[in-house]
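Here the structure is laid out as structure tokens; the discussion comes afterwards.
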Ligand SMILES: C[S@@+](CC[C@H](N)C(=O)[O-])C[C@H]1O[C@@H](n2cnc3c(N)ncnc32)[C@H](O)[C@@H]1O
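Residue numbers (the working numbering): 981 to 1202.
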């Protein structure tokens, strides 16, 4: 049976292909560095890993199922593939990105998505800047906001790392991947230590081992 692309309910598998094609167009027209795709997204294309990775697919499904009615902000959104999926499934979303090249790419991907699906323009905001300062004095704080951190192995200095954690109570909820938060934590003891540190000042904390295979997501409420 033929399925149409129903506003507010566009299947993740379709979007996987759609985003792959948009990324590939950017790479072909502008090249790896000028486009802002850099090595990370170029390798995803070369490896034919699709427009979204398995953990993005699993997290999108989890958020669509468990975070209805909430506003979702992905920190370190890159090209914004996750917030676009959420926006096309009826959620209000934003993506924060501090790298200028990636901002260029993220804006382009958003513009192209708006051309295909105008509701993306209403539902998804791309925020150029670094978290947490980029969210200060914006509408993206408050108890109905959920922050997502997936793969953000960034070289945050001590001040930024402290500011990142200190901002959590400005929102209602944070879902983060413990292994790839700031630095790589391959040892379970290091992941548990990060979980315990955040849990100490959260209202509630749970680990979500079932969310995605081989990933280490945790959910905290504030
Ligand atoms: C490896 S990419 C991952 C993109 C996508 N979320 C994913 O999982 O595939 C991480 C991105 O996070 C961005 N980033 C890291 N720390 C950030 C911060 N504090 N604020 C905004 N962007 C950040 C980096 O510039 C980079 O583009």
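Beta carbons are placed, not taken as given, at the ideal position from N, Cα and C, and that holds for glycine. Please read all numbers here as calculations on a predicted model, not as lab measurements.
Return the bridge partner residues of residue i from the DSSP annotation.
i            : result
residue 1187 : 1198
residue 962  : Lying before the first or after the last residue shown, residue 962 is absent from the chain, which here runs from 981 to 1202.
residue 1104 : 1073
residue 1180 : None, per the DSSP bridge assignment.
residue 1054 : 1075, 1128
residue 1151 : 1122
residue 986  : 989
Should residue i be listed as close to ligand 1, given that the test is whether its C-beta is under 7 Å from any heavy atom?
i            : result
residue 1130 : yes
residue 1151 : no
residue 1106 : no
residue 1078 : yes
residue 1033 : yes
residue 1020 : yes
residue 1082 : yes
residue 1040 : no
residue 1111 : yes
residue 1045 : no
residue 1030 : no
residue 1186 : no
residue 1057 : yes
residue 1134 : yes
Tell me the rounded alpha-carbon separation between residue i and residue j.
i            : j            : result
residue 1172 : residue 986  : 41 Å
residue 1122 : residue 1002 : 33 Å
residue 1151 : residue 1042 : 19 Å
residue 1075 : residue 1138 : 23 Å
residue 1007 : residue 1161 : 27 Å
residue 997  : residue 1005 : 12 Å
residue 1104 : residue 1180 : 32 Å
residue 1061 : residue 1031 : 8 Å
residue 1135 : residue 1166 : 16 Å
residue 995  : residue 1037 : 10 Å
residue 1156 : residue 1045 : 17 Å
residue 1195 : residue 1024 : 18 Å
residue 1202 : residue 1088 : 34 Å
residue 1118 : residue 1051 : 13 Å
residue 1012 : residue 1102 : 29 Å
residue 1049 : residue 1071 : 7 Å
residue 1129 : residue 1029 : 20 Å
residue 1203 : residue 991  : In the structure as shown, the chain starts at 981 and stops at 1202, and residue 1203 therefore has no counterpart that could be examined.
residue 1176 : residue 1009 : 46 Å
residue 1199 : residue 1164 : 19 Å
Which class does residue i belong to by DSSP, given the choice of helix, strand or coil?
i            : result
residue 1129 : strand
residue 1081 : helix
residue 1123 : strand
residue 1116 : coil
residue 931  : For residue 931 there is no data in the structure shown, the boundaries of the chain being 981 and 1202.
residue 1172 : helix
residue 1001 : helix
>> Between the region 1098-1112 and the region 1075-1088, can you find at least three pairs of beta-carbon atoms closer than 8 Å?
In response: Taking 8 Å as the limit for Cβ pairs, the verdict is that the region 1098-1112 does touch the region 1075-1088.
> Is it true that the region 1094-1101 meets the region 1115-1133, where meeting means three or more beta-carbon pairs spaced less than 8 Å apart?
Replying inline: Touching, no, given that fewer than three Cβ pairs across the two stretches are closer than 8 Å.
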